[in-house]
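As C-alpha cells, the structure follows; a few thoughts come after it.
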Amino acid sequence: MNTTAPIDALVLMSFGGPEAPEEVVPFLRNVTAGRGIPEERLEEVGEHYFGFGGKSPINDQNKALLAALRAELDLRGIDTPLIWGNRNWDPYLTDEVRSLAKNGATQFLSIDTSAYSSYSSCRQYREDFAKTIDTLKDEGLTVSIDKIRQFYNHPGYADACADCLNKGLADFRSKVGQIDSAKHRILFVTHSIPNVMQDASEVSTNGYRAQHEELIDHLMGRIDEADRVPAELVYCSRSGSPEVPWLEPDVNDRMT
Numbered sequence: 013m014n015t016t017a018p019i020d021a022l023v024l025m026s027f028g029g030p031e032a033p034e035e036v037v038p039f040l041r042n043v044t045a046g047r048g049i050p051e052e053r054l055e056e057v058g059e060h061y062f063g064f065g066g067k068s069p070i071n072d073q074n075k076a077l078l079a080a081l082r083a084e085l086d087l088r089g090i091d092t093p094l095i096w097g098n099r100n101w102d103p104y105l106t107d108e109v110r111s112l113a114k115n116g117a118t119q120f121l122s123i124d125t126s127a128y129s130s131y132s133s134c135r136q137y138r139e140d141f142a143k144t145i146d147t148l149k150d151e152g153l154t155v156s157i158d159k160i161r162q163f164y165n166h167p168g169y170a171d172a173c174a175d176c177l178n179k180g181l182a183d184f185r186s187k188v189g190q191i192d193s194a195k196h197r198i199l200f201v202t203h204s205i206p207n208v209m210q211d212a213s214e215v216s217t218n219g220y221r222a223q224h225e226e227l228i229d230h231l232m233g234r235i236d237e238a239d240r241v242p243a244e245l246v247y248c249s250r251s252g253s254p255e256v257p258w259l260e261p262d263v264n265d266r267m268t
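Residue numbers for the sequence shown follow our numbering, beginning at 13 and rising by one.
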C-alpha cells in the first residue's frame, strides 16, 4: 500500500535578496537578526549588493528556475501548483504558503536552492518551515512542509555542474589557447560559513566542505585530460564579526 501523502503544492524555497538599493540594509537586518551585527558592518557588507545596482542576482535566477520547473512539470503532465517563497525577503515563505492554504492546500514539498549540508543551508530552512507551520496553525490553517534531500551528489545536479564547467573551459581555451597546468588553476567557489558551523555539519553528515570536495573530485573526472589543471575549493561572501573564523581561503585572496 502506498502511504505517501499526496502533494498539494511545490515550493521553490530560497534565501531571498533585495530588489533595490533602499532594500539592501533592511534585507541584511533580516538575514542577521539576533546576531548582534553592528549597523556599520551591515552597510559594509551591503556594498557587495550596491555593485549590482542594489539588486541581488538571485531574484532573476530564481524566477528563471521557477519558469523552468513549471515548464518541466507541464511537459510531464503534472499540474501541481508551484510557488516561490524566501527565507529573508519578499516573497516570504509564510505569505506564499498561506495563500494556497486558504484554498485548501495542506501538503507542501519544498525544493530548496541549497545543495549542501550545514545549519544555514539545511537546518535553518527546516526551522523556517516550522515557524510557518506554527504561524498558520495560530491562524486556523493546518499545513505540512517536507523538503527534498540535499542534492550535492544527485546525478542531475552533477551533470549540470559538469556542463557548466566544460563550457567555461571551452570559453577559456578560446581566449588563451591551450590550458597550461604551470600557470592556470580551476577555482571552485562556494559560500563560506563559520568554522564552528562547518564542524557541526560533520556531526550527522560528511560535512559541508567534504560534500563540495566530493563533487569537485567527480567534476574533475568529467573534463578532458588536457584541461585537468590543479583545482581548489575557495570561498566567498563571509559576513558577521571579523573576529569569528570562517572557512578559507577567500577567492579574492587566492586570486591575488
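Built from N, CA and C at the ideal position, the CB exists for glycine as well. Here the structure is a predicted model, which is why all the values come from computation and not from measurement.
How many angstroms separate the CA atom of A182 from the CA atom of E35? Taking the first residue of the sequence shown as position 1, residue 182 is located at position 170. Taking the first residue of the sequence shown as position 1, residue 35 is located at position 23. Separation of A182 and E35 (C-alpha to C-alpha, rounded to the nearest whole angstrom) is 38 Å.
Status (buried if at least 16 other CB within 10 Å, exposed otherwise) for D140: In the sequence shown, the residue the question calls residue 140 occupies position 128. If you draw a 10 Å sphere on the C-beta of D140, you find 16 or more other C-beta atoms in it, and that means buried.
Three-state secondary structure (DSSP) at F27? Position 15 of the sequence shown, counting from 1, holds the residue named residue 27. Taken through DSSP and simplified to helix, strand or coil, F27 comes out as coil.
In angstroms, rounded to a whole number, what distance separates the CA positions of K156 and Q119? Translated into positions along the sequence shown, residue 156 becomes position 144. Translated into positions along the sequence shown, residue 119 becomes position 107. According to the sequence shown, residue 156 is Ser rather than Lys. So the two alpha carbons sit approximately 5 Å from each other.
Pick helix, strand or coil for G233, following the three-state DSSP scheme. In the sequence shown, residue 233 corresponds to position 221, counting from 1. DSSP, reduced to helix, strand and coil, places G233 outside both helices and strands of the structure shown, so it counts as coil.
Do V201 and V263 have their C-beta atoms closer together than 8 Å? Here residue 201 refers to the residue found at position 189 of the sequence shown. Here residue 263 refers to the residue found at position 251 of the sequence shown. When the beta-carbon positions are compared, V201 and V263 come within less than 8 Å of each other.
May I ask which residues mark the beginning and end of the alpha helix (DSSP H) holding Y247? Your numbering for residue 247 matches position 235 in the sequence shown. First-last for Y247: A243 to C248, but that is the beta strand (DSSP E), not the alpha helix (DSSP H).
Expected contact under 8 Å - CB spacing of N207 and P257 to nearest Å: If you number the sequence shown from 1, residue 207 lands on position 195. If you number the sequence shown from 1, residue 257 lands on position 245. That belief holds up - the Cβ atoms of N207 and P257 are roughly 5 Å apart, short of 8 Å.
Comparing C-alpha positions only, which one of S68, F184 and D20 sits nearest to A33? Counting from 1 along the sequence shown, the entry for residue 33 is found at position 21. Residue identity check: residue 33 is Pro in the sequence provided, not Ala. The shortest CA-to-CA distance from P33 to any of S68, F184 and D20 is the one to S68.
Helix, strand or coil for S129 per DSSP? Locating residue 129 in the sequence shown gives position 117, counting from the first residue. Taken through DSSP and simplified to helix, strand or coil, S129 comes out as coil.
How about Y131 and M25: are their beta carbons less than 8 Å apart? In the sequence shown, residue 131 corresponds to position 119, counting from 1. In the sequence shown, residue 25 corresponds to position 13, counting from 1. For Y131 and M25, no; Cβs fall outside 8 Å.
How many Å lie between G48 and L22 at the Cα? Translated into the one-based positions of the sequence shown, residue 48 becomes position 36. Translated into the one-based positions of the sequence shown, residue 22 becomes position 10. Put simply, the backbone Cα of G48 is about 34 Å away from that of L22.
Which one of P50, A45, H166 and T125 has the shortest CA to CA distance from L81? One-based indexing of the sequence shown puts residue 81 at position 69. Among P50, A45, H166 and T125, the Cα nearest to that of L81 is on T125.
What does the alpha-carbon distance come out to for the pair M13 and P93? The count along the sequence shown starts at 1 and reaches residue 13 at position 1. The count along the sequence shown starts at 1 and reaches residue 93 at position 81. With a pLDDT of only 37 at M13, under the threshold of 50, the placement of this residue in the model should not be trusted; the figure read from the coordinates follows. When rounded, the distance between both Cα atoms is 26 Å.
What does the Cβ neighbour count give for Q73, buried or exposed, with the cut at 16 atoms within 10 Å? For this step, residue 73 is matched to residue 61 along the sequence shown. Exposed.
Looking at S111 and T217, is the spacing between their C-beta atoms short of 8 Å? Here residue 217 refers to the residue found at position 205 of the sequence shown. Here residue 111 refers to the residue found at position 99 of the sequence shown. For T217 and S111, no; Cβs fall outside 8 Å.
Helix, strand or coil for A21, going by three-state DSSP, please let me know. Within the sequence shown, numbered from 1, the residue matching residue 21 stands at position 9. Three-state result, A21: strand.
Could you tell me which uninterrupted beta strand (DSSP E) segments, each at least 3 residues in length, are contained entirely in the stretch 64-146, listed from first to last along the chain? Look at the stretch 64-146 and you find these whole runs of beta strand (DSSP E), each 3 residues long or longer: 94-98 and 119-124.
Backbone CA spacing between F39 and K195 [nearest angstrom]: Translated into the one-based positions of the sequence shown, residue 39 becomes position 27. Translated into the one-based positions of the sequence shown, residue 195 becomes position 183. Roughly 40 Å between the two C-alpha positions.
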